[in-house]
Amino acid sequence: MIKFLRYQYAFKLNKYIQMYTPVIGLEIHVQVKTKSKMFCSCSSEYFGAEPNTHICPVCFGLSGALPVPNRVAVEKTFRLALALNCQLNQKVKFDRKNYFYPDIPKGYQISQFDMPIGFEGSLVIPGRDESDPIRIQRVHLEEDTAKSTHDKDDETLVDFNKSGVALIEIVTKPDFRSTKEVLDFAKRLRQIVKYIDISDAEMQKGQMRFELNISLQKEGETELPDYKVEVKNIGSISVLEKVINFEIGRQSKLLDEGNKLKQETRGVKDMSGVTLEQRSKEFAADYRYFPEQDIPPVTISDAEINAIRESMPELPAERLERYIELGLTTENAEILIEDTDRGNYFESILESSTDVSPDFVKELFKWINTDLSGLLQKRKLSFSNSNVKAEDLMELINLVLDKKISGTNAKKVLEQLVEANGSGNLNTWEIVEKNNMLQSEDLNVSIDEFVTQAIKQNPKVVETLAKNPNAIKFLVGQVMKLSGGKANPIEVEEALKQKLGM
Ligand code: ZN
Ligand code: MN
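Last residue of the sequence shown: 659 (our numbering), numbering continuous.
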């Protein structure tokens, strides 16, 4: 395992003498999907808006302005804390985290210090035993900062639209031992926040951001390293991956050369994942936390917690498990978990179907993931606005499974359903009937005739069959044509082989 990691990470393998295991912890910030900001009524849908158009005295940090906590943001933080198996602080208390920066106009950020909403949680990730999850240290609620832009004239421009948007911070214990584990966790967490509807987690909009701490443990050592390197401002999962690999390479090299690594904070240079020194952290930043006196603590009752608990949907890992039990492969189930649009459509059909046999479920996945997906993509439609009704798709799949129509014709039916996009008057059955696509008993008789005909008309192809058995596909195509697309290609191939003695 460690050897594999070294091959994956090392740039100049032969230079490294020792083997190392990375020790990684994560800090994730997620913007909460709320109509208004955390402590004022400004709209939090600021993406793409003119700078400084979503501001008021509260989020602009004017003295005397009074913050009022956003109830929805508090509830959503409890939802996430529950999803991450956390202990809860039902008394919600806010604190001031003091530091100066142009994007923090008050001189402090309203956050939570000693009483985070969630603490001591856990999340199981693929490849790790249930008894060995990633431990979650805390889940707390705070406000986002403004956005500084350093322009070419050495000036700093500040846009306060983002200032005060509700933000959840999740901190893990340093429990990751490989890049893959970190990426699996980041993806699962992103799925969870989408499932429980606390954020759209769109990275390109800055709705989910990462910071990590990473150090290397020498082979055979049991104690954690005596240093850690923090990397801030990582805007996407792909950059996160590159940063970890870069740091493993950089730190291995320094350790091999006999250097002692120092505690430091590094920034990301660009999308390549290269990190640069920012400031040495010999002294931990002293934020002089103290209680936010403008917001009295509120206690969330047991009844309210129970109501939140009861409103929780099925979580990604649970859905994954259920799909695997229904007969999907882990890989296919993961596709549906990751792509919520596709997954929710699949789920909606499953919900209204009486048939959940493995055959039906596999066929349903196949039709959604290949044919329907392709047809929608071509028309720039998503699954949620495809308007292909559950009963129509179900009927189509049952016709295919019962071999009542051919695969070729089934595709044509689906195309017509997508084309109509819900406005058509015809359902699956009507399209099949109107186009005379049903494979009747008579067809079996005529297939025999068509097979004979196709063989007679293509003697040269028949000759090459001994050398090139694949040429039978050509004959299948000819029979399909003769049958007007009604025949079942699998049956046609069987009939051909029988007749040709293959
Ligand atoms: Zn405001
Ligand atoms: Mn934070």
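We put the CB at the ideal spot given by N, CA and C, even for glycine. Note that this is a predicted model, so its numbers are computed, not measured.
What three-state label does DSSP hand residue i in the structure shown?
{"i": "K248", "result": "strand"}
{"i": "E520", "result": "helix"}
{"i": "T669", "result": "Outside the shown range of the chain, which is 158 to 659, sits residue 669, and nothing can be said about it."}
{"i": "I212", "result": "coil"}
{"i": "S640", "result": "coil"}
{"i": "L219", "result": "coil"}
{"i": "I261", "result": "coil"}
{"i": "N615", "result": "coil"}
{"i": "T565", "result": "helix"}
{"i": "T191", "result": "coil"}
{"i": "P626", "result": "helix"}
{"i": "T511", "result": "coil"}
{"i": "M365", "result": "strand"}
{"i": "E312", "result": "coil"}
{"i": "N141", "result": "The shown model of the chain, from 158 to 659, leaves out residue 141, and the question about it has no answer."}
{"i": "N227", "result": "coil"}
{"i": "I452", "result": "coil"}
{"i": "Q573", "result": "helix"}
{"i": "L595", "result": "coil"}
{"i": "I355", "result": "coil"}
{"i": "R253", "result": "strand"}
{"i": "A206", "result": "coil"}
{"i": "K338", "result": "Sequence check: residue 338 is Glu here, not Lys. E338: helix per DSSP, three-state reduction."}
{"i": "L373", "result": "strand"}
{"i": "L241", "result": "coil"}
{"i": "E326", "result": "strand"}
{"i": "S200", "result": "strand"}
{"i": "R285", "result": "coil"}
{"i": "D271", "result": "coil"}
{"i": "Y502", "result": "helix"}
Where does the unbroken beta strand (DSSP E) through residue i begin, and where does it stop?
{"i": "Q266", "result": "265-268"}
{"i": "R334", "result": "No beta strand (DSSP E) contains R334, which DSSP labels as neither H nor E."}
{"i": "T178", "result": "177-188"}
{"i": "I704", "result": "Outside the displayed range of the chain (158 to 659) lies residue 704, so it cannot be described from this structure."}
Taking 7 Å as the limit between beta carbons, can you name the residues of its chain near residue i, skipping five residues before and five after?
{"i": "V231", "result": "V249, L298"}
{"i": "D451", "result": "L223, P224"}
{"i": "M272", "result": "N246, K248, K250"}
{"i": "G484", "result": "P515, V518, K519"}
{"i": "L532", "result": "L571, E572, V575"}
{"i": "T210", "result": "N318"}
{"i": "N171", "result": "Annotation note: pLDDT 48 at N171 (below 50); position unreliable, coordinate value reported separately. Correct list: empty, nothing qualifies."}
{"i": "F257", "result": "G264"}
{"i": "R476", "result": "I494"}
{"i": "K505", "result": "In the sequence on display, residue 505 carries Ser and not Lys. Excluding positions up to five away in sequence, the list reads A547."}
Could you give the residue range of the alpha helix (DSSP H) that holds residue i?
{"i": "G275", "result": "Unbroken run through G275 is the beta strand (DSSP E), 275-280; no alpha helix (DSSP H)."}
{"i": "T487", "result": "487-495"}
{"i": "I465", "result": "459-467"}
{"i": "K304", "result": "Here K304 belongs to no alpha helix (DSSP H); instead the beta strand (DSSP E) covers 304-307."}
{"i": "V589", "result": "585-591"}
{"i": "Q655", "result": "646-657"}
{"i": "R476", "result": "473-483"}
Among residues of its own chain, excluding the 5 on either side of residue i, which ones have a beta-carbon nearer than 8 Å to its beta-carbon?
{"i": "D260", "result": "T302, A303, K304, S305, V315, S320"}
{"i": "V618", "result": "A628, F631, L632"}
{"i": "K591", "result": "L583"}
{"i": "M365", "result": "I185, H186, V187, Q188, R347, V350, S356, A358, E359"}
{"i": "K344", "result": "I394, E495"}
{"i": "W586", "result": "E552"}
Going by beta carbon distance, what residues of the same chain come within less than 6 Å of residue i, once the five residues before and after it are set aside?
{"i": "K263", "result": "G218"}
{"i": "E439", "result": "A caution first: E439 carries a pLDDT of 47, below 50, which makes its placement in the model unreliable, though a value can still be read off. Counting only Cβ-Cβ distances below 6 Å, and skipping sequence neighbours, we find nothing."}
{"i": "C213", "result": "C197, C199"}
{"i": "F540", "result": "D498, R499, Y502"}
{"i": "G278", "result": "L241, N242, C243, I293"}
{"i": "E404", "result": "I371"}
{"i": "K233", "result": "V189, I355"}
{"i": "L183", "result": "T329, L369"}
{"i": "V281", "result": "E287, P290"}
Taking 8 Å as the CB-CB cut-off, is residue i touching chain C?
{"i": "R295", "result": "Absent from the structure is chain C; it holds one protein chain and no more."}
Which parts of the stretch 386-448 are runs of the beta strand (DSSP E), unbroken and 3 residues or longer, counting only runs that do not cross its ends?
386-391, 421-425, 432-437
Beta carbon shell of the ligand MN at less than 7 Å from a heavy atom
H186, S268, E299, L324, E326
Which whole runs of the alpha helix (DSSP H) in the stretch 525-560 are 4 residues long or more, in chain order?
530-535, 547-558
Pocket of the ligand ZN (residues with CB nearer than 5 Å to any heavy atom), chain order:
Taking each Cβ in turn, the ones that pass are C197, C199, C213, V215, C216.
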